[in-house]
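In what follows, a single structure is set out as structure tokens and then discussed.
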Amino acid sequence: KSNSKSKVPKDGLYPEIIRKNYLGSKKLLNKKAVISGGDSGIGQAVAIHFAREGADVAIIYKESDKDAKETQKLVEKEGQKCILFKGDVSKKAFRTKLLDKIKKDWKTLDILVNNAGIQFPKNDIEKISDEQIQKTFDTNIISMIALTRDFLPLMKKGGRIICTTSVTAYRGSDHLIDYSATKGAIATFIRSLAVNIAEKGILVNGVAPGPIWTPLVKETFDNLSTFGKDNPLKRAGQPSEVAPAYVFLASEDSSFITGEIIHINGGDFVGG
Ligand code: NAD
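Using UniProt numbering, the first residue of the sequence shown is number 6, and each one after it goes up by one.
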């Protein structure tokens, strides 16, 4: 009998968050990770895969308490702690509150996953407002640099910073113009920061997903029937197919890798 929960429905929009048969081998035992956008899609899958590997997680999220609580439950089911922080990463006051709480509760931080991101529906450049440009840059890249700067003093040798960029950083996007520009900036940030803090023994890497079924794409792509069809594997991926790369980059297995970006996109991909 098939398990309807683990099945991807016809439109692909049930995000599969834990990889089938993913047992975990406690690669992140006793580690503490902050994950921005850890309530939904890719970030949620990362939170649960990290928990299965033995890490406690703190999740930053903006809107849905329901998704955040659901994620917390799934993390706790793996025997790990899950702290929830609701707020906007692009607001300084929120970042300060967050940092104070992590300092108080954890004192140190092992892994920072900079994953929160937004995109507006595809549009021609003439139709993009100043507000949209500002919001996309504030959320996707400016707050990423600020959050990293704020948390760095809590991290020590062996620490990991993992940032979510996108296939659009490399390929561009026909109609996600401001979004793809922020993702290009993230790719450059990853390489620059890796060199800048190499001496501290903190490794900085990234993941560049291609088309992945998450709530984000449902809101912003108008034609989901073709979403992800133009890569060699001819399908979009699931969050559960992206999260193991974050585990790898957070673990000892990647101890000689820094400034790199893992591309997870079903093969060479054109469009976005
Ligand atoms: P998602 O919408 O499911 O998750 C993103 C989460 O980020 C949101 O749920 C929200 O809680 C959080 N967030 C957004 N703005 C925030 C803010 N200002 N403050 C705090 N939290 C905020 O989307 P997803 O697809 O899982 O996206 C995760 C990352 O992956 C994003 O950076 C996105 O750009 C990137 N990405 C996604 C795809 C894809 O096809 N889904 C492809 C390439 C890159």
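Each residue gets a CB set at the ideal place from its N, CA and C atoms; glycine is no exception.
{"Query": "Would you say the beta carbon of Glu-68 is closer than 7 Å to some non-hydrogen atom of the ligand NAD?", "Result": "yes"}
{"Query": "Leaving out the 5 sequence neighbours to the left and right, which residues in its chain are closer than 8 Å to Ser-11 when beta-carbon positions are compared?", "Result": "Annotation note: pLDDT 47 at Ser-11 (below 50); position unreliable, coordinate value reported separately. Contacts found: Glu-21 and Lys-25."}
{"Query": "Do you know how far the Cα of Ala-192 is from the Cα of Thr-141?", "Result": "16 Å"}
{"Query": "Rounded to the nearest angstrom, what separates Lys-234 and Phe-125 at their Cα positions?", "Result": "21 Å"}
{"Query": "To the nearest angstrom, report how far apart Asn-210 and Ser-259 are at their CA atoms.", "Result": "10 Å"}
{"Query": "From the DSSP secondary-structure annotation, give me the bridge partner or partners of Leu-89.", "Result": "Ile-64"}
{"Query": "Roughly how many whole angstroms lie between the Cα atoms of Leu-18 and Thr-225?", "Result": "13 Å"}
{"Query": "In the DSSP assignment, the beta strand (DSSP E) including Ala-203 goes from what residue to what residue?", "Result": "Premise fails: Ala-203 is in no beta strand (DSSP E) and is neither H nor E."}
{"Query": "What distance in whole Å lies between the Cβ atoms of Ala-250 and Val-212, which are believed to be in contact at a cut-off of 8 Å?", "Result": "5 Å"}
{"Query": "So, residue 2 versus Arg-165, is the Cβ gap smaller than 8 Å?", "Result": "Nothing can be reported for residue 2: it is not among the residues displayed for the chain, which extend from 6 to 277."}
{"Query": "Tell me the residue span of the alpha helix (DSSP H) that contains Arg-154.", "Result": "148–156"}
{"Query": "Report yes if the C-beta distance between Leu-157 and Val-39 is below 8 Å; otherwise report no.", "Result": "no"}
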